[in-house]
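Just so you know, the protein sequences line up as chains A and B, in that order.
To convert, note that position 105 of the first sequence is 92 in our numbering; the numbers rise steadily by one, no gaps.
To convert, note that position 154 of the second sequence is 141 in our numbering; the numbers rise steadily by one, no gaps.
Yeah, the Cβ is synthetic: ideal placement off N, Cα and C, and Gly gets one too.
It should be emphasised that the depicted structure is a prediction, and the values quoted were computed from it without experimental measurement.
Note sheet for the following structure.
Protein chains: 2
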Amino acid sequence: MKKEERREQILEAAMKLFVEKGYKGTTTLQIAKEAEITEVTLFRHFSSKQEILLEGIEPILFSTLEGAINISKESSGSEMIESILSDRITLISKNYQVIKLILMEDSLLTELGRGNFINRILEILKNLLTEMGASEEDNKFALRLLMGTILSVLYMPDKNEEDIKDYIGKITNIIVQEINK
Amino acid sequence: MKKEERREQILEAAMKLFVEKGYKGTTTLQIAKEAEITEVTLFRHFSSKQEILLEGIEPILFSTLEGAINISKESSGSEMIESILSDRITLISKNYQVIKLILMEDSLLTELGRGNFINRILEILKNLLTEMGASEEDNKFALRLLMGTILSVLYMPDKNEEDIKDYIGKITNIIVQEINK
DNA sequence: AATTTATGTAAGTAAGTACTTACTATTTTA
DNA sequence: TAAAATAGTAAGTACTTACTTACATAAATT
Chain A
-12 MKKEERREQI LEAAMKLFVE KGYKGTTTLQ IAKEAEITEV TLFRHFSSKQ
38 EILLEGIEPI LFSTLEGAIN ISKESSGSEM IESILSDRIT LISKNYQVIK
88 LILMEDSLLT ELGRGNFINR ILEILKNLLT EMGASEEDNK FALRLLMGTI
138 LSVLYMPDKN EEDIKDYIGK ITNIIVQEIN K
Chain B
-12 MKKEERREQI LEAAMKLFVE KGYKGTTTLQ IAKEAEITEV TLFRHFSSKQ
38 EILLEGIEPI LFSTLEGAIN ISKESSGSEM IESILSDRIT LISKNYQVIK
88 LILMEDSLLT ELGRGNFINR ILEILKNLLT EMGASEEDNK FALRLLMGTI
138 LSVLYMPDKN EEDIKDYIGK ITNIIVQEIN K
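What follows is the structure, encoded as C-alpha cells:
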C-alpha cells in the first residue's frame, strides 16, 4: 500500500476512535488495530499521536469556517443568510462528529494554540450579521439564534436533512423579520 | 477537618480540574494538590477516581432535569414555558461547566450506564411541548428551538442573565405563536 | 489524659502507554 | 529480477498513573 493511502487509512481509524472515546481515551495500539496494521507501522507514518489528531481535524478546522466568509462577500440580498446558513450547516451536519471532537478537546487544542473554536464561529456569524445591517440589539438575538441552530445540529440525534433545511428556513425568516422591523 | 467537609473540598477541587482538562486529563495527584492534601488522604475519602467523578456530577445529573417535570405538571397556561424555561435555563447557566463536562465525558458515562444526557433533556422538552398541545410538526420546530437555546447558553461565552432572560422571552413568543397558528 | 479520628510521609506496586530499535519478510516498481 | 519501499515481529525503554501499605504525627472527642 502506498504512503498516502496508508496515512489516510490510519487517520480514518484514529478519528473514528477519537470521536468515540476521546483523544486521551484512545491508545495508539487501538488505532493500529482499528487500521489493521501494527503500532510500529503507525509510527512510521506519523511521528506522534498528537500529529494524528491535528492532521485529522485540520480540514474541518479550516475549510468549514473560512468558506463562510468568502460566500458572504460575494453574495448580497436578503436570501443571503439562508443560502449561507444552509450551505454551512450542511457542512457542519456532515462533519458533526469531528466538530464535536474539536469542542470536546478544546482544552487540549488550546494548549497547542488551536482552541476557541466556538469563538471563531461566533466571529464569523457576527460579521455576517453586521454586513446585513443588523443593529447591536438584533445582533445579540440573531447571534444566539444562529449559534443555537448550529449547536442543535451538532448535538441533536435527528440529522434529517429535510427537517434541518426546513428549520433553517424558519429561522432565517425570523431573523430577517427582526432586522427589518 | 471533618469527614464531610473534606469530601466536599476534594470534590470541588476535582470538578474544577475535570472541567478544565477533562476526566482522563486530570490525575489524582493534581486533584490532591488542588485540594491541598496528599494523594493518600484523597484515597482515604474516595475509593477511586471514578467515584469522585460520579459523586461530582450526581446532583446535576438528577436535580437539573427532574425539576422540570414537576413544575410542568403543577403549572398551566401559556406563560408556562417561559417560567419553566427561565427556571431551568438559569439552573443550567449556573452549572454550565459541569453540564459541559457531562457532555464531554458522555462516552465514559455511557460505559457506566449514565450517558445520553442530551436524550434525557430532549425527552423532558418533548413532554413539555406535548402537554402544551403542540402538534407533531410544531413539536419538531419548537424542540430544536428549545434545545438550541439550552446549548447556546452552555457554549456561548456571554452569560449575561438579562440577555438570556430577554432571549428566552422572545423564543417563548415565537413558540406560542407557532403553536396557536 | 486517654482514645479515636484524620492526616502526613515515604516507599512501592502493577499496569498502561507513547514511542524506539534491530532485524526480517513482503510487496511494489523499475 | 534486482533494487527500493513498505510492513511485520519481538523486544524493550522510560515515563506516567491509579491505588496500596506501614508507620508516625497531629487534632478532635470523650
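Cβ neighbour criterion (16 or more within 10 Å) applied to residue i
{"i": "A:Ser253", "result": "Chain A is shown from -12 up to 168; residue 253 of chain A falls before or after that span and cannot be answered."}
{"i": "B:Val85", "result": "buried"}
{"i": "A:Gly135", "result": "buried"}
{"i": "B:Glu92", "result": "buried"}
{"i": "A:Gly43", "result": "buried"}
{"i": "B:Thr13", "result": "buried"}
{"i": "B:Leu16", "result": "exposed"}
Simplified DSSP state of residue i, which is helix, strand or coil
{"i": "A:Phe30", "result": "helix"}
{"i": "A:Thr13", "result": "coil"}
{"i": "B:Ser80", "result": "helix"}
{"i": "A:Met119", "result": "coil"}
{"i": "A:Arg101", "result": "coil"}
{"i": "B:Met2", "result": "helix"}
{"i": "A:Ile(-3)", "result": "helix"}
{"i": "A:Met(-12)", "result": "coil"}
{"i": "B:Lys36", "result": "helix"}
{"i": "A:Ile71", "result": "helix"}
{"i": "B:Lys168", "result": "coil"}
{"i": "B:Ile47", "result": "helix"}
{"i": "A:Ile18", "result": "helix"}
{"i": "A:Ile24", "result": "coil"}
{"i": "A:Leu66", "result": "Looking at the sequence provided, one finds Glu at residue 66 of chain A rather than Leu. Coil at A:Glu66, not helix or strand."}
{"i": "A:Glu110", "result": "helix"}
{"i": "A:Glu7", "result": "helix"}
{"i": "B:Glu124", "result": "helix"}
{"i": "B:Glu42", "result": "helix"}
Within chain A, the residues that residue i reaches when beta carbons sit closer than 8 Å
{"i": "B:Glu7", "result": "Ser94"}
{"i": "B:Lys11", "result": "Gly9, Lys11 and Gly12"}
Beta-carbon neighbours of residue i, restricted to chain A and to distances below 7 Å
{"i": "B:Ser139", "result": "Arg131, Met134, Gly135 and Leu138"}
{"i": "B:Met91", "result": "Met91"}
Cross-chain neighbours of residue i in chain A, by beta carbon under 9 Å
{"i": "B:Asn106", "result": "Pro144"}
Partner residues on chain B for residue i, Cβ-Cβ distance less than 7 Å
{"i": "A:Lys157", "result": "Phe128"}
{"i": "A:Tyr154", "result": "Phe128 and Arg131"}
{"i": "A:Ile161", "result": "Ile161"}
{"i": "A:Asp150", "result": "Lys127"}
At a cut of 8 Å, does the stretch 97 to 112 of chain B reach the stretch 118 to 130 of chain A through at least three beta carbon pairs?
Contact between the stretch 97 to 112 of chain B and the stretch 118 to 130 of chain A is absent, because fewer than three Cβ pairs lie under 8 Å.
Is there contact here, the stretch 32 to 40 of chain B with the stretch -11 to 0 of chain B, by at least three beta-carbon pairs under 8 Å?
Output reads yes: the stretch -11 to 0 of chain B touches the stretch 32 to 40 of chain B.
Below 8 Å, how does it come out for the stretch 84 to 104 of chain B and the stretch 17 to 25 of chain B: are there three or more Cβ pairs, yes or no?
Too few Cβ pairs lie closer than 8 Å, so no.
Whole beta strand (DSSP E) runs in the stretch 130 to 166 of chain B with 3 or more residues, listed along the chain?
Runs of the beta strand (DSSP E) inside the stretch 130 to 166 of chain B: none found.
Cβ contact (3+ pairs, closer than 8 Å) linking the stretch 7 to 17 of chain B and the stretch 155 to 162 of chain A:
No, because fewer than three Cβ pairs between the stretch 7 to 17 of chain B and the stretch 155 to 162 of chain A fall closer than 8 Å, the two stretches do not touch.
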